[in-house]
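Engineer: Read in order, the letters of the sequence shown correspond to residues 0 to 131 in numbering that gives the first Met the number 0. Virtual Cβ for every residue (Gly too), placed ideally from N, Cα, C.
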Amino acid sequence: MAVTPYLFFDGRADDAIAFYKATVGATTNSLMRFKDGPAGSCAPGAEDKVMHADISIGESHVLLSDGHNKGQPDFQGFGLAVTVKTEAEANKIFNALASGGQVTMPQAKTFFSPRFGMLTDKFGVNWMILAE
């Protein structure tokens with residue numbers, strides 16, 4: 000069994016995929032657009048939006064979609080945690096994901112990690128970055 004996060008970007012999935020490729024080295028495993036689904040299965044104007052995508056970030060999969068394409072994604076109540084081997088890698092990923100977003104807890108040494116910080120990226124997704 001596996002639990003995989005599924006994020007709905009409400010019309011910005013293509014932008015998010017490009018951002019995560021640039022910031023955390025994500026790779027696209029599969030991507031289907033609404034126009035690839037059964038006839039009449041999408042709202043007019045949404046044909047080229049992402050119906051379903053599977054990306055890999057490190058060893059993990061993240062599923063995503065544009066969902067209802069209303070432009071109001073809501074990522075409250077959860078966050079994605081990234082664990083890396085070194086403080087330098089934590090710094091690099093933290094700074095890249097924070098670009099255009101908001102730092103909610105600056106990186107610092109904690110009792111459980113030599114480098115830990117939290118941020119909300121420019122799409123509203125909450126992240127926690129920690130070094131082993």
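Is there at least one Cβ from chain C nearer than 8 Å to Gln101's Cβ?
Structural biologist: Protein chains in the displayed structure number just one, and chain C is not present.
Engineer: By Cβ distance, which residues of its chain are closer than 7 Å to Gly100, with the 5 residues on each side in sequence left out?
Structural biologist: Leu118, Thr119, Asp120, Lys121, listed in sequence order.
Engineer: What residue range is occupied by the uninterrupted alpha helix (DSSP H) comprising Thr22?
Structural biologist: Note, Thr22: alpha helix (DSSP H), 12-23.
Engineer: I'd like the ranges of any beta strand (DSSP E) spanning at least 3 consecutive residues and lying wholly in the region 79-117.
Structural biologist: Correct list: 79-83, 101-107.
Engineer: Let me make sure I understand the geometry here. Which of Lys69, Glu58, Gln106 has the alpha-carbon closest to that of Lys44?
Structural biologist: Correcting the residue identity first, residue 44 is Gly in this sequence and not Lys. The option with the nearest alpha carbon to Gly44 is Lys69.
Engineer: Is the region 87-104 touching the region 47-58, taking contact as three or more C-beta pairs under 8 Å?
Structural biologist: Flag = no, the region 87-104 and the region 47-58 do not touch.
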